[in-house]
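>
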Amino acid sequence: MAVVFERPKALCDVPLHYCPGCTHGIVHRLVAEVIDEMGIEGETVGVCPVGCSVFAYDYFNCDMIEAPHGRAPAVATGVKRSNPDKFVFTYQGDGDLAAIGTAETVHVGARGENIVVIFINNTIYGMTGGQMAPTTLIGQVTQTTPFGRDSQLAGNPIRVCEMMATLSGTALAQRVAVDTVPHIRETKKAIRKAFENQKEKRGLSIVEVLSTCPTNWGLSPIDAIKRLQDEMIPYYPLGVYKDITAEGGNK
Ligand SMILES: Cc1ncc(C[n+]2csc(CCOP(=O)(O)OP(=O)(O)O)c2C)c(N)n1
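Numbering (my numbering), first residue to last: 1196 to 1446.
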């Protein structure tokens, strides 16, 4: 019988704890598929964050390290520098990467650390019950912005890919989404490119994945996908913000 569907070997055979409609599971699978396709399971070290994906060490079948909140890029720096032949990736939410971990994120770009950063932008702190994140959209209701995010009070949402693209050590800064099958395929290509960049020692690759959090947004999984399309993509346009391998060096 033809096999039409298989769990990637780089994912463990365990149930994930994510809420219905949460897209963390899709992104886990894409990272695992890339690890399988490149045949690097035994050479990969993941660094998982504090946030909903805190248990990623139970899900990925490669070596995993747990970092303190926001510090995954710093931990990954140490792992990569001491094990330059390993593939090292971080997997981080927007509270983790763009709030408490902003400094670590910016400086791995400035230093051009040869690592992959997978950045899950769901415009909210998921694990702690839905507080405002740096990526929360203007007007978005959260636990800490019950009348909607007000720019006078809380500033404007940070566009991480655009910011990271300004740093000289960034090799790839690309924003993708997991709302449709074509976008999911695009996301996988971006993740593959990021890992290939690491193989070629090109520097930091960051892939920002627009994701959903139906539970904390108070939406059904389908309405959450619709919100991603109608509200997130207009503010966070998909695309390649920097790619040093593209013609002209920096698209
Ligand atoms: C030093 C520290 N500060 C605060 C917390 C509480 N905390 C746990 S998860 C989290 C936010 C996670 O949100 P995000 O990174 O967006 O990931 P998500 O849960 O949405 O995937 C916070 C503030 C903590 N665990 N440690």
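Here a beta-carbon is modelled for each residue, glycine too, at the ideal position from N, C-alpha and C.
Measure the beta-carbon distance from I1386 to V1229 and round it to whole angstroms, keeping in mind my assumption that it falls under 8 Å.
As a working note, residue 1386 is residue 191 in the sequence shown. As a working note, residue 1229 is residue 34 in the sequence shown. Contact flag correct, Cβ pair sits at about 5 Å.
> Cutting at 6 Å between CB atoms, please list the residues of its own chain near K1446, excluding the five before and the five after it.
What you label residue 1446 is simply residue 251 of the sequence shown in a count that begins at 1. Only weak support exists for where K1446 lies, its pLDDT of 49 falling under 50; the coordinates are left without a value.
> What does the alpha-carbon distance come out to for the pair V1222 and G1246?
Here residue 1222 refers to the residue found at position 27 when the sequence shown is read from its first residue. Here residue 1246 refers to the residue found at position 51 when the sequence shown is read from its first residue. Roughly 15 Å between the two C-alpha positions.
> Ignore the nearest five residues each way along the sequence and tell me which others in Q1335's own chain have a CB closer than 7 Å to its CB.
In the sequence shown, counting from the first residue as 1, residue 1335 sits at position 140. Here the set comprises T1318, G1343, R1344.
> May I have a chain-ordered list of the beta strand (DSSP E) segments no shorter than 3 residues that lie completely inside the stretch 1217-1301?
1239-1243, 1258-1261, 1282-1288
> On the DSSP bridge assignment, give the partners of V1371 in chain order.
In the sequence shown, residue 1371 corresponds to position 176, counting from 1. Answer is V1404.
> At what residue ranges does the stretch 1381-1428 contain a whole run of the alpha helix (DSSP H), taking only runs of 4 or more?
1409-1412, 1416-1422
> F1282: buried (16+ other C-beta within 10 angstroms of its C-beta) or exposed?
Sequence index remark: in the sequence shown, residue 1282 carries index 87 (1-based). It is buried - the Cβ of F1282 has at least 16 other Cβ atoms within 10 Å.
> So the alpha helix (DSSP H) V1355 belongs to, where does it begin and stop?
Position 160 of the sequence shown holds residue 1355. Boundaries of the alpha helix (DSSP H) harbouring V1355: 1355-1360, taken from the DSSP string.
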